[in-house]
Amino acid sequence: AIRYSVAGHPHPVIRRSDGRLDVLDGARSRLLGASAEGARRPTATGHLAGGDSLVAFSDGVFEMRGQDYDDGYLALMGRLAAAPDHPDGLCDAALGLTSEAPESGPFRDDVVVLAVRRDPSHVSPGLARLV
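Position 67 of the sequence shown, counted from 1, bears residue number 67 in the working numbering, the numbering being contiguous throughout.
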């Protein structure tokens, strides 16, 4: 199992070994530093089976001038579902959206993608390996 918290960025996605996508849509909270409240954040859990990948990204990957937010998000989901089953392939597929941006000039938002894959040969409970 993995435990996560979302503080202002889009929900992370699990790309299953069969290509299905599961959005981890729990544990949403305010942006980091946007509140005087304590540092406690809600958390949620998800399951990362052998061969599954976890992909986290900023909205700057798909939210670009001249493009509808939802259209950009759906385009990203399509790319992640069709991408090669490896962290490099998932990151390359997501970042490929930025080269198709209808805008010109420098990006005005952060562009971040992080992908990790659970090695299918290491499926012991609690054992995950970053690639």
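Backbone N, C-alpha and C fix where the C-beta goes; we use that ideal spot for every residue, glycine too.
Span separating the alpha-carbon of residue i from that of residue j
i             : j            : result
aspartate 119 : arginine 65  : 37 Å
serine 58     : valine 112   : 5 Å
valine 23     : leucine 76   : 12 Å
serine 17     : alanine 44   : 22 Å
aspartate 85  : proline 10   : 21 Å
glycine 51    : leucine 114  : 16 Å
alanine 6     : aspartate 70 : Per the sequence shown, the amino acid found at residue 6 is valine instead of alanine. C-alpha separation (whole angstroms): 19 Å.
glycine 78    : arginine 40  : 34 Å
aspartate 110 : proline 87   : 20 Å
Range of the contiguous alpha helix (DSSP H) that encloses residue i
i           : result
leucine 89  : Just to set this straight, residue 89 is glycine in the shown sequence, not leucine. Per DSSP, glycine 89 belongs to the alpha helix (DSSP H) from 87-99.
arginine 79 : 69-82
Classification of residue i by the beta-carbon crowding that lies within 10 angstroms, buried from 16 upward
i            : result
glycine 134  : What the structure shows of the chain is the stretch from 1 to 131, and residue 134 is not part of that stretch, so it cannot be assessed.
glutamate 63 : buried
alanine 49   : exposed
serine 99    : exposed
proline 42   : exposed
arginine 117 : buried
Span of the beta strand (DSSP E), counted from its first residue to its last, around residue i
i            : result
arginine 15  : 13-15
threonine 45 : 44-46
### Message
Does the contact criterion of 3 or more C-beta pairs under 8 Å hold for the segment 18-33 versus the segment 87-97?
### Response
Result no; under three Cβ-Cβ pairs closer than 8 Å.
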